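Residue numbers (full-length UniProt numbering): 1 to 196. Using N, Cα and C, we set each Cβ at its ideal position, and we do this for glycine too. Quick caveat, the model's predicted, so the values are computed rather than measured. Right, one structure below, let's go through it.
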């Protein structure tokens with residue numbers, strides 16, 4: 001039995017349509033790429049949680065969640081390293097079924113701000129990078145959600161038009177539990193915090 005958990009993320013796109021992703025390592029589902037985000041605090045709305053998580057994980061305070069891109073559910077285990085305050089009220093080490101709202105935001109291409117290393121270590125964030133639409137569509141790496149390239153493909157910029165939100169339902173994990181080595185010629189990733 002899995003504990004239900006509510007969460008939210010933000011797909012931040014730069015002016016060229018590249019999306020900002022973190023490379024996470026989770027003890028249950030392995031290494032994967034996902035947008036900034038995480039569990040909601042008690043009583044917090046998905047939109048407010050997405051904004052808070054973006055600020056905690058990137059230090060970017062100038063972006064707001066825009067249109068809802070999609071919702072989906074997936075299974076994973078709350079990392080043992082995650083402090084209880086950052087676990088959104090869910091005990092660490094517990095298998096969860098997470099229901100996520102994913103919002104869109106547009107902003108400049110930039111690095112995460114200084115001072116986010118502790119959040120990255122707690123969340124088991126290994127690296128970060130901006131993914132062009134072509135890189136995202138051609139990647140063999142595990143993406144959360146796996147449908148991310150198709151969800152972002154029709155977007156044409158901050159002025160829209162925006163497709164209606166998509167409900168993806170429950171999506172089973174697609175990554176292996178071990179961290180694969182980067183493939184030759186793969187675009188560079190940027191390590192987080194203490195990994196730099």
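Following the continuous beta strand (DSSP E) through residue 37, name the residue where it begins and the one where it ends.
Looking at the DSSP string, the run of the beta strand (DSSP E) that includes residue 37 is 37-39.
Give every residue of the same chain whose Cβ lies closer than 7 Å to the Cβ of residue 147, excluding the five residues on either side of it in the sequence, and list them in chain order.
If we look at residue 147 and ignore the five residues flanking it on each side, its Cβ neighbours are 168.
Once you ignore the five residues that flank residue 61 on each side, which residues in its own chain have a CB closer than 7 Å to its CB?
The residues are 55.
Are three or more beta carbon pairs between the stretch 22-32 and the stretch 61-70 nearer than 8 Å?
Flag = no, the stretch 22-32 and the stretch 61-70 do not touch.
Tell me which residues share the same chain as residue 131 and place their Cβ nearer than 7 Å to its Cβ, disregarding the 5 neighbours each side in the sequence.
Counting only Cβ-Cβ distances below 7 Å, and skipping sequence neighbours, we find 18, 19 and 21.
Just the C-alpha distance for residue 128 and residue 110, rounded to the nearest angstrom, thanks.
Roughly 11 Å between the two C-alpha positions.
State yes or no: is the C-beta of residue 79 within less than 8 Å of the C-beta of residue 123?
Cβ distance < 8 Å, so residue 79 and residue 123 count as in contact.
Beta-carbon within less than 6 Å of residue 13's beta-carbon, same chain only, minus the 5 sequence neighbours each way: which residues are those?
Closer than 6 Å at the Cβ level, and outside the excluded window around residue 13, lie 19 and 106.
Helix or strand or just coil, what does DSSP make of residue 3?
In the structure shown, residue 3 sits in a strand (DSSP, three-state: E or B).
Using the DSSP secondary-structure output, state which residues sit across from residue 67 in a beta bridge.
Residue 67 is not bridged to any residue.
In its own chain, which residues sit with a C-beta less than 6 Å from the C-beta of residue 144, not counting the 5 before and 5 after it?
Correct list, in chain order: 32 and 34.
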